[in-house]
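Some notes on the structure that comes next.
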Amino acid sequence: EIYLKYGATNEGKRQDSAMQKFRDNRLGVFIHWGLYAIPGGEWNGKVYAGAAEWLKSWAKVPSNEWMQLMSQWNPTKFDAKKWAVMAKEMGAKYVKITTKHHEGFCLWPSKYSKYTVASTPYKRDLLGEMVKAYNEEGIDVHFYFSVMDWSNSDYRYDIKSQEDSIAFSRFLEFTDNQLKELAARYPTVKDFWFDGTWDASIKKNGWWTAHAEQMLKELLPGVTINSRLRADDKGKRHFDSNGRLMGDYESGYERRLPDPVQDLKVTQWDWEACMTVPENQWGYHKDWSLSYIKTPFEVIDRIVHAVSMGGNMVVNFGPQADGDFRPEEKALATAIGKWMQCYGKAIYACDYAEFDKQDWGYYTRGKNGEVYMIVFNQPYSERLIVKTPKGISIEQASLLTTNENIVVVETTRNEYNVSVPQKNPGEPYVIQLKIRVAEGTKGVYKDALT
Ligand SMILES: C[C@@H]1N[C@@H](C(=O)NCc2ccccc2)[C@H](O)[C@@H]1O
Numbered sequence: 138e139i140y141l142k143y144g145a146t147n148e149g150k151r152q153d154s155a156m157q158k159f160r161d162n163r164l165g166v167f168i169h170w171g172l173y174a175i176p177g178g179e180w181n182g183k184v185y186a187g188a189a190e191w192l193k194s195w196a197k198v199p200s201n202e203w204m205q206l207m208s209q210w211n212p213t214k215f216d217a218k219k220w221a222v223m224a225k226e227m228g229a230k231y232v233k234i235t236t237k238h239h240e241g242f243c244l245w246p247s248k249y250s251k252y253t254v255a256s257t258p259y260k261r262d263l264l265g266e267m268v269k270a271y272n273e274e275g276i277d278v279h280f281y282f283s284v285m286d287w288s289n290s291d292y293r294y295d296i297k298s299q300e301d302s303i304a305f306s307r308f309l310e311f312t313d314n315q316l317k318e319l320a321a322r323y324p325t326v327k328d329f330w331f332d333g334t335w336d337a338s339i340k341k342n343g344w345w346t347a348h349a350e351q352m353l354k355e356l357l358p359g360v361t362i363n364s365r366l367r368a369d370d371k372g373k374r375h376f377d378s379n380g381r382l383m384g385d386y387e388s389g390y391e392r393r394l395p396d397p398v399q400d401l402k403v404t405q406w407d408w409e410a411c412m413t414v415p416e417n418q419w420g421y422h423k424d425w426s427l428s429y430i431k432t433p434f435e436v437i438d439r440i441v442h443a444v445s446m447g448g449n450m451v452v453n454f455g456p457q458a459d460g461d462f463r464p465e466e467k468a469l470a471t472a473i474g475k476w477m478q479c480y481g482k483a484i485y486a487c488d489y490a491e492f493d494k495q496d497w498g499y500y501t502r503g504k505n506g507e508v509y510m511i512v513f514n515q516p517y518s519e520r521l522i523v524k525t526p527k528g529i530s531i532e533q534a535s536l537l538t539t540n541e542n543i544v545v546v547e548t549t550r551n552e553y554n555v556s557v558p559q560k561n562p563g564e565p566y567v568i569q570l571k572i573r574v575a576e577g578t579k580g581v582y583k584d585a586l587t
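587 is the number that the working numbering gives the last residue of the sequence shown; the numbers go up by one with no jumps.
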């Protein structure tokens with residue numbers, strides 16, 4: 138054990154109601170919206186294939202030139218209610234909004250920066266309108282906040298001189314002020330998802346990351362903070378030098394997921410993954426033909442994959458500069474919503490089932506000990522192999538949507554053939570298992586009501 142002043146503050150998963158709501162929400166929407174949506178990946182007639190929200194970097198645009206985009210910021214089609222209804226219809230229980238991305242443009246009228254919506258033709262407090270609209274639809278709001286701020290001359294990538302130190306101290310005070318401002322203006326915010334925290338300057342100031350977490354938790358009791366904010370005394374990020382998770386949930390799975398066989402360690406803590414629909418576009422890019430675009434079922438597969446390992450999934454949307462969404466994203470939200478309408482019972486408030494992964498798909502477990510099989514790959518054998526943990530047996534199986542009884546045959550100890558539905562559902566489907574727990578069984582089922 139290494140003595141740490143700025144290491145992990147809690148041991149194991151938080152069990153308070155705010156964290157349980159975070160966990161039970163399971164499916165979120167990411168909104169990446171900023172000045173980068175105006176050029177949409179193109180600068181001086183050249184289209185860059187890299188992430189559109191990084192265009193300033195790819196095209197090497199000086200900050201003062203980049204911030205002139207503010208004079209064109211006028212999302213006349215923006216309608217917060219429409220955005221909130223879209224998220225509701227998708228079945229998202231929360232939305233993570235980029236309050237300020239690396240470029241430094243603030244979607245709220247911050248009094249600590251001149252680069253905000255207040256200084257654009259549009260003027261209105263977009264963040265405030267979004268928070269209100271989403272909350273009115275019963276959707277929790279989370280704030281994405283980039284610590285790295287390309288618009289602030291006090292930002293430092295590393296601390297190599299006394300001058301760097303003095304400038305960066307000013308920068309951290311500026312950041313504290315913006316965070317306090319966000320907490321005071323929008324007290325219904327449930328989470329802060331920090332990004333842009335990988336530089337040496339932050340790793341050398343682990344104390345500040347612990348302070349920022351503590352400050353927000355004092356201002357907003359119950360608020361959740363992601364591990365990506367945190368660096369400990371030694372500059373170790375996400376997990377401290379004693380291997381303990383910092384923050385309230387692990388947030389390293391960006392455009393990737395833990396392996397359902399090799400990475401079961403992630404089931405020991407809370408975690409949240411986030412994903413893009415193109416290969417790597419968070420902000421609006423005008424040309425989606427430059428990379429592979431995931432189909433709705435491929436997105437749903439990733440959502441289920443995350444929940445099956447005890448994690449959340451946040452699916453990204455990059456609104457257009459005019460405040461409307463591209464047709465592909467509207468269609469995706471509709472398709473996900475349709476599926477979640479039928480099968481959400483196997484996702485919301487569900488968790489890791491402790492069953493060994495099988496080829497046909499994923500398992501999740503509900504709060505009353507019911508086990509769900511989410512079938513993506515129906516085998517030609519028409520038999521879905523299920524291997525149950527020690528002490529667990531299958532009593533009964535049924536198709537979630539119709540309650541059609543599904544025949545289950547025990548083939549050997551703790552192994553069963555679960556039949557496929559008589560009529561192929563023609564989409565990923567869910568079979569609900571009623572299980573029996575033998576006396577003295579260990580694991581998540583010991584207190585299940587079966
Ligand atoms: C959630 C995403 N994170 C931002 C990003 O900068 N990702 C690139 C990156 C990812 C991991 C380590 C360093 C840099 C992207 O622009 C999105 O906001």
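Built from N, CA and C at the ideal position, the CB exists for glycine as well.
Ligand 1 and residue i: does any heavy atom of the ligand fall closer than 7 Å to the residue's C-beta?
i      : result
Trp170 : no
His348 : no
Trp419 : yes
Asp332 : yes
Trp191 : yes
His375 : no
His238 : yes
Ala368 : no
Trp335 : yes
Ala188 : yes
Glu547 : no
Glu391 : yes
Cys411 : yes
Measuring alpha carbon to alpha carbon, tell me which of the options ends up nearest residue i.
i      : options                        : result
Asn272 : Tyr259, Leu309, Asp286, Ala217 : Ala217
Ile339 : Ile440, Val360, Gly372         : Gly372
Val451 : Gln457, Ala458, Ala443         : Ala443
Cys411 : Asp400, Lys423, Pro395         : Pro395
Glu409 : Phe159, Leu141, Phe308         : Phe159
Asp370 : Leu353, Ser388, Gly343, Gly384 : Gly343
Thr161 : Lys251, Lys560, Tyr489         : The sequence given here places Asp at residue 161; Thr does not occur at that position. Measuring from the Cα of Asp161, the nearest candidate turns out to be Tyr489.
Leu263 : Val436, Val278, Leu244         : Leu244
Met223 : Arg463, Glu541, Lys560         : Arg463
Tyr281 : Ser288, Glu300, Gly241         : Gly241
Arg393 : Asp438, Arg367, Trp191, Gly149 : Asp438
Gly228 : Glu274, Ser200, Asn314         : Glu274
Gly182 : Ala188, Pro562, Pro558, Ala196 : Ala196
Thr404 : Lys219, Gly447, Gln515, Val436 : Gly447
Lys431 : Ile440, Pro415, Asn551, Tyr421 : Pro415
Tyr390 : Thr413, Gly481, Asn554         : Thr413
Ser518 : Pro558, His238, Met352, Glu564 : Pro558
Lys237 : Glu190, Gly384, Asp291         : Glu190
Gln157 : Glu266, His422, Lys560, Cys487 : Cys487
Pro516 : Val545, Glu138, Val555         : Val555
Val232 : Trp287, Arg502, Val198, Trp170 : Trp170
Which whole-angstrom value describes the C-beta separation of residue i and residue j, a residue pair presumed to lie in contact below a C-beta threshold of 8 Å?
i      : j      : result
Thr312 : Val268 : Contact doesn't hold; Cβ gap of about 20 Å is too wide.
Leu536 : Tyr566 : 7 Å
Trp419 : Asn453 : 6 Å
Thr257 : Asn211 : 7 Å
Lys504 : Glu532 : Not quite, the Cβ-Cβ distance comes to about 18 Å (not below 8 Å), so this is no contact.
Asp407 : Tyr386 : 4 Å
Lys230 : Arg163 : 7 Å
Glu350 : Arg322 : Not really, about 20 Å apart at Cβ, beyond 8 Å.
Val278 : Ile234 : 7 Å
Ala347 : Tyr553 : With 8 Å as the limit, Ala347 and Tyr553 do not qualify as a contact, their Cβ atoms being about 49 Å apart.
Ala174 : Pro456 : 6 Å
Arg365 : Asp332 : 6 Å
Ala575 : Gly506 : Not confirmed; about 13 Å, so no contact.
Ser288 : Ser200 : 5 Å
Ala534 : Val546 : At roughly 11 Å, the Cβ-Cβ gap does not stay under 8 Å, so Ala534 and Val546 are not in contact.
Please tell me whether residue i has its Cβ less than 8 Å away from any Cβ of chain C.
i      : result
Leu521 : Of the chains in the structure shown, none is chain C; there is only one protein chain.
Open item on the list: At 4 residues or longer, what runs of the alpha helix (DSSP H) sit wholly inside the region 226 to 283?
Closed with: 263 to 273
- request: May I have a chain-ordered list of the alpha helix (DSSP H) segments no shorter than 4 residues that lie completely inside the region 315 to 391?
  value: 337 to 340, 343 to 356
Notebook entry, point to check: At which residue ranges does the region 497 to 532 contain complete alpha helix (DSSP H) runs of 4 or more residues, listed in the order of the chain?
Noted result: none
- Between the region 420 to 433 and the region 177 to 192, do three or more beta carbon pairs fall short of 8 Å? yes
Hey, is the region 325 to 334 in contact with the region 358 to 367, meaning 3+ C-beta pairs nearer than 8 Å?
-> yes
Across the region 492 to 499 and the region 511 to 525, are there enough close Cβ pairs to call them in contact, namely three or more that are closer than 8 Å?
yes
Taking contact to mean 3 or more Cβ pairs, one atom from each stretch, closer than 8 Å, check whether the region 461 to 473 and the region 502 to 516 are in contact. no
Length-filtered (4 minimum) alpha helix (DSSP H) runs lying within the region 402 to 437 = none
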